[in-house]
Amino acid sequence: MKYVLVIGDGMADDPVEALGGRTPLEAASKPFIDGLAAAGTLGRVRTCPAGTQPGSDVAILSIFGCDPRTCYTGRGPLEAADQGIALRPGDAAFRCNMITLSPPGPFRERLILSHSAGSIHGADSMELIRWLFEHPSFRPLAEAARVEIHPSPSFRHIAVCRDAAIQGGEFIPPHDHLGEPVGRHLPRGCRTAEQLGELMEKAAALLPDAPVNRRRAAEGKSVCSGIWFWAEGTAVELPDFRSRWGHGGGVVSAVPLCRGIARLMGLEAPVLDGVNGEWDTDYEAKVRAALEILCREDFAVLHLEGPDEATHNGQLREKVQAIQWLSSRVVEPVCRTMEERGEEYRMLILSDHKTLTSTRGHDGGPVPYILYDSRRDRRGSGLAYTEAAAAGCPLMEEGTGLLPALFGL
Ligand SMILES: [Zn+2]
Numbered sequence: 108m109k110y111v112l113v114i115g116d117g118m119a120d121d122p123v124e125a126l127g128g129r130t131p132l133e134a135a136s137k138p139f140i141d142g143l144a145a146a147g148t149l150g151r152v153r154t155c156p157a158g159t160q161p162g163s164d165v166a167i168l169s170i171f172g173c174d175p176r177t178c179y180t181g182r183g184p185l186e187a188a189d190q191g192i193a194l195r196p197g198d199a200a201f202r203c204n205m206i207t208l209s210p211p212g213p214f215r216e217r218l219i220l221s222h223s224a225g226s227i228h229g230a231d232s233m234e235l236i237r238w239l240f241e242h243p244s245f246r247p248l249a250e251a252a253r254v255e256i257h258p259s260p261s262f263r264h265i266a267v268c269r270d271a272a273i274q275g276g277e278f279i280p281p282h283d284h285l286g287e288p289v290g291r292h293l294p295r296g297c298r299t300a301e302q303l304g305e306l307m308e309k310a311a312a313l314l315p316d317a318p319v320n321r322r323r324a325a326e327g328k329s330v331c332s333g334i335w336f337w338a339e340g341t342a343v344e345l346p347d348f349r350s351r352w353g354h355g356g357g358v359v360s361a362v363p364l365c366r367g368i369a370r371l372m373g374l375e376a377p378v379l380d381g382v383n384g385e386w387d388t389d390y391e392a393k394v395r396a397a398l399e400i401l402c403r404e405d406f407a408v409l410h411l412e413g414p415d416e417a418t419h420n421g422q423l424r425e426k427v428q429a430i431q432w433l434s435s436r437v438v439e440p441v442c443r444t445m446e447e448r449g450e451e452y453r454m455l456i457l458s459d460h461k462t463l464t465s466t467r468g469h470d471g472g473p474v475p476y477i478l479y480d481s482r483r484d485r486r487g488s489g490l491a492y493t494e495a496a497a498a499g500c501p502l503m504e505e506g507t508g509l510l511p512a513l514f515g516l
């Protein structure tokens, strides 16, 4: 028996006027996963417990069987683990996003236009952040705040702050406040927050002059006009997956958070070329990697970030497309290959949390899931994979119940 978990990040949504009152899951043509829902079990699950901030960090910990209320220390350390960064007691890790702000003016009045500098990725993003941290006007400030930067080839860099004082601090995610002024959402509440806020202001003053930005502007590409620190957290420890569940395997994901959680649990988490965490990622490369893991091990996760990023970016058509491709270019080829290999399998498909087209932000309400067993030993739900169809199905109150369900425990 093989076990496959497919996470469509932020797929679930509320009805959208531009889709004629349908949700993206309802508007998407996805006959393959609708077929699995009809032949399998459809349900609803709460992946973000009450009192937690809805997001993939909390949701994916729950899905992986770890109660975020007890094991979550922040998102930054989970992503730092992906880069193999070891945190010492007293250290804090943060995400450092590349962002785009509205045209220059007083820093606090500028608006957050993009939480990802238009999904900047690759060498441009690495070069920009290195240029900034080496800049003679920036470097002394960063050193005084004891901030080290760990560049990554996307808009998601990691910053580690040695001997940080983050207690009482508030570090707000930029993707939840698009179109709003910087001043309302700057880090606050502790010494480290103030220092990081000063670095953000300095970065916004310097970045327009970066050679990479000048070149990008000339090419008509998005310009990175700022950085944003958030996702603070201290060192974290997660249980070993194999000893806890009796199954080993790996996680195929473009996003550091997901790979970091995997690595902290002793699962493999390959970094693939051409995989960008967006709606137009290399789906086939991800499927190949997951199928390769399933040759050696009995558990594989396919995490697709596309629907979530498309929603944050206000790209409704691309969100629907990403859902369609999750069905036709991810789930379908995986299932067909398992059948060709003569493998029995159980598959869990879900949206980790809702990402709402209306707010371009996350929502912690229950999400629909499909549990499918290739032996088809039970009567199927007869339902499609939509929020409305799942609304009439039982609600699993704790996301930590999902893996036991997948493993048939
Ligand atoms: Zn998101």
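Just so we're aligned: the sequence shown equals residues 108 to 516 in the working numbering.
By construction, the Cβ of each residue, glycine as well, lies at the ideal position given by its N, Cα and C atoms.
Who pairs with residue i in a beta bridge, going by DSSP?
| i | result |
| --- | --- |
| C155 | Note: C155 sits in no beta bridge, so no partner. |
| K109 | Y452 |
| T462 | H469 |
| V474 | V152 |
| L168 | Looking at the DSSP assignment, L168 forms no beta bridge with any residue, so it has no partner. |
| L502 | R151 |
| F518 | Because the chain here runs from 108 to 516, residue 518 falls outside it and cannot be looked at. |
| R526 | Summary: the structure shown does not reach residue 526, with the chain confined to residues 108 through 516, and so no result is reported for it. |
| I256 | A266 |
| I114 | H410, L457 |
Is the CB-CB distance between residue i and residue j below 7 Å?
| i | j | result |
| --- | --- | --- |
| E451 | S488 | no |
| L478 | G212 | no |
| L497 | P475 | It should be noted that the sequence gives Ala, not Leu, for residue 497. In contact: A497 and P475 (Cβ atoms closer than 7 Å). |
| Y492 | A144 | yes |
| V358 | A376 | yes |
| C365 | M205 | no |
| T154 | G413 | no |
| G115 | L433 | yes |
| F278 | A224 | no |
| L149 | C500 | yes |
| E439 | F240 | no |
| D121 | L463 | yes |
| D189 | P346 | no |
| D283 | G468 | yes |
| L112 | V437 | no |
| C203 | H242 | no |
| I192 | H257 | yes |
| S329 | T418 | no |
| A342 | L194 | yes |
| G381 | A392 | yes |
| P281 | H222 | yes |
Taking only beta-carbon atoms, is residue i less than 7 Å away from chain C?
| i | result |
| --- | --- |
| A230 | The chain inventory of the structure shown lacks chain C, comprising one protein chain alone. |
- Item | Three-pair Cβ contact test at 8 Å for the region 302-314 versus the region 238-254 | yes
- May I ask you to verify whether the region 398-406 touches the region 456-468, counting CB pairs closer than 8 Å and requiring at least 3? no
- Item | Continuous beta strand (DSSP E) assignments of at least 3 residues falling wholly in the region 384-425 | 406-411
- Query: Between the region 171-187 and the region 331-349, are three or more C-beta pairs nearer than 8 Å?
  - Reply: yes
- Message: In chain order, what are the residue ranges of uninterrupted beta strand (DSSP E) at least 3 long that sit wholly in the region 264-347?
- Response: 333-340
- Message: With three or more beta-carbon pairs closer than 8 Å as the criterion, would you say the region 225-234 touches the region 172-179?
- Response: no
- Message: Can you confirm whether the region 416-425 touches the region 370-387 when touching is taken to mean that 3 or more C-beta pairs between the two stretches lie within less than 8 Å?
- Response: yes
- Message: Closer than 8 Å is the cut-off here; do at least three beta carbon pairs connect the region 200-220 with the region 347-361?
- Response: no
- Assess, as a yes-or-no matter, whether the region 313-328 is touched by the region 286-296 under the definition of 3 or more beta carbon pairs within less than 8 Å. no
- If you pair each beta-carbon of the region 269-281 with each one of the region 196-203, do three or more pairs fall below 8 Å? yes
- Query: In the region 196-244, which residue ranges form an unbroken beta strand (DSSP E) of at least 3 residues, counting only runs that do not cross its ends?
  - Reply: 199-208, 219-221
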